[in-house]
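Peer 1:
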Amino acid sequence: GQQVMQIPQYQHVQEGEDFTTYCNSSTTLSNIQWYKQRPGGHPVFLIQLVKSGEVKKQKRLTFQFGEAKKNSSLHITATQTTDVGTYFCAALNQAGTALIFGKGTTLSVSS
Amino acid sequence: DVKVTQSSRYLVKRTGEKVFLECVQDMDHENMFWYRQDPGLGLRLIYFSYDVKMKEKGDIPEGYSVSREKKERFSLILESASTNQTSMYLCASRGISYNEQFFGPGTRLTVL
């Protein structure tokens with residue numbers, strides 16, 4: 001079935017360093033969504049990207065959708081301990097009925 | 112404020128038992144979903160429903176069934192629980208006009 005590949009699986013950074021997670025698909029995506037799951041919590045929607053080459057920012061978070069709509073990235077500038085958690089990308093399946101999630105990138109931050 | 116609730120946060124069952132996991136959403140969403148989350152495997156879709164009494168298989172439906180008798184409620188059923196079904200189960204809902212999914216708090220099921 002359709003897959004969304006996400007790398008890296010884990011990332012540890014020192015507080016203040018930057019962090020990036022990448023999402024790739026072999027097929028063209030209609031859109032891509034990003035979710036954050038805090039330790040012990042449930043995934044919470046962050047953003048949706050729809051247009052080719054789209055870039056959106058939320059404070060220290062920058063989200064990009066590739067020109068070919070086959071890849072996406074989430075970049076966090078100057079990480080803080082509050083950024084700890086697992087970040088998932090997700091895309092609609094080909095039928096447009098359900099979200100398929102990447103395996104997630106778990107970010108840990110040491111102060 | 113959208114709210115998705117799940118009947119239990121923690122559940123311990125024995126092998127062979129029939130298990131019901133309940134999910135309720137209060138925003139009149141058409142679509143509801145059941146995922147399981149396991150370390151290193153991310154979120155995997157078990158079943159989903161786009162309307163009352165309608166259901167569709169996800170990527171890993173084996174060993175599970177679902178029921179949606181009312182729009183706000185979506186139940187996941189393990190007919191005969193097995194130890195490999197020990198996992199975190201997450202319910203989600205989504206309206207027809209929005210792609211954003213709202214997740215419940217999850218049920219951590221342990222099958223002994």
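Each protein sequence line maps, in turn, to chains A and B. Quick note on the working numbering: the first sequence kicks off at 1 and runs consecutively. Quick note on the working numbering: the second sequence kicks off at 112 and runs consecutively. Built from N, CA and C at the ideal position, the CB exists for glycine as well. Here the structure is a predicted model, which means the values were calculated and not measured.
Leaving out five residues before and five after residue 239 (chain B) in sequence, what residues of the same chain have Cβ atoms less than 7 Å from its Cβ?
Peer 2: The question about residue 239 (chain B) has no answer here: the residues shown for chain B are numbered 112 through 223.
Peer 1: Below 8 Å on the Cβ atoms is my contact criterion, and I expect residue 53 (chain A) with residue 65 (chain A) to pass it. Report the Cβ-Cβ distance as a whole number of Å.
Peer 2: So it is a contact: roughly 7 Å between Cβ atoms.
Peer 1: Let me see if you follow: with CB-CB separation under 8 Å, is residue 220 (chain B) close to chain A or not?
Peer 2: Answer no: the Cβ-Cβ gap between residue 220 (chain B) and chain A never drops below 8 Å.
Peer 1: Tell me whether residue 31 (chain A) sits in a helix, a strand or coil according to DSSP, three-state version.
Peer 2: Of the three classes helix, strand and coil, the one that applies to residue 31 (chain A) here is coil, per DSSP.
Peer 1: I'd like to know whether the C-beta of residue 71 (chain A) is nearer than 8 Å to at least one C-beta of chain B.
Peer 2: Chain B, which has no Cβ nearer than 8 Å to the Cβ of residue 71 (chain A), makes this no.
Peer 1: Give the C-beta separation of residue 219 (chain B) and residue 142 (chain B) to the nearest angstrom, bearing in mind that I take them to be a contact with Cβ-Cβ under 8 Å.
Peer 2: Actually they do not touch by this definition, with Cβ atoms about 24 Å apart.
Peer 1: Let me check one thing: in DSSP terms, what residues is residue 179 (chain B) bridge-paired to?
Peer 2: Beta-bridge pairing links residue 179 (chain B) to no other residue.
Peer 1: Could you list which residues in chain A have their beta carbon closer than 9 Å to that of residue 302 (chain B), in chain order?
Peer 2: Nothing can be reported for residue 302 (chain B), as the shown portion of chain B is limited to 112 through 223.
Peer 1: Leaving out the 5 sequence neighbours to the left and right, which residues in its chain are closer than 6 Å to residue 29 (chain A) when beta-carbon positions are compared?
Peer 2: Excluding positions up to five away in sequence, the list reads 69, 91.
Peer 1: Nearest by alpha-carbon distance to residue 31 (chain A): which of A:106, A:97, A:105 is it?
Peer 2: Residue A:97 is the option with its Cα nearest to residue 31 (chain A).
Peer 1: Do you know how far the Cα of residue 12 (chain A) is from the Cα of residue 83 (chain A)?
Peer 2: Answer to the nearest angstrom: the Cα atoms are 11 Å apart.
Peer 1: Between the alpha carbons of residue 23 (chain A) and residue 208 (chain B), how many angstroms are there, rounded?
Peer 2: Roughly 25 Å between the two C-alpha positions.
Peer 1: Would you please state the rounded distance, in angstroms, between the beta carbons of residue 99 (chain A) and residue 19 (chain A)? I believe it to be under 8 Å.
Peer 2: Their Cβ separation, rounded to whole angstroms, is 23 Å, which puts residue 99 (chain A) and residue 19 (chain A) out of contact at 8 Å.
Peer 1: Classify residue 149 (chain B) as helix, strand or coil using the three-state DSSP reduction.
Peer 2: Three-state result, residue 149 (chain B): strand.
Peer 1: Should residue 39 (chain A) be labelled buried (16 or more other beta-carbon atoms within 10 Å of its own) or exposed?
Peer 2: Flag for residue 39 (chain A) reads exposed.
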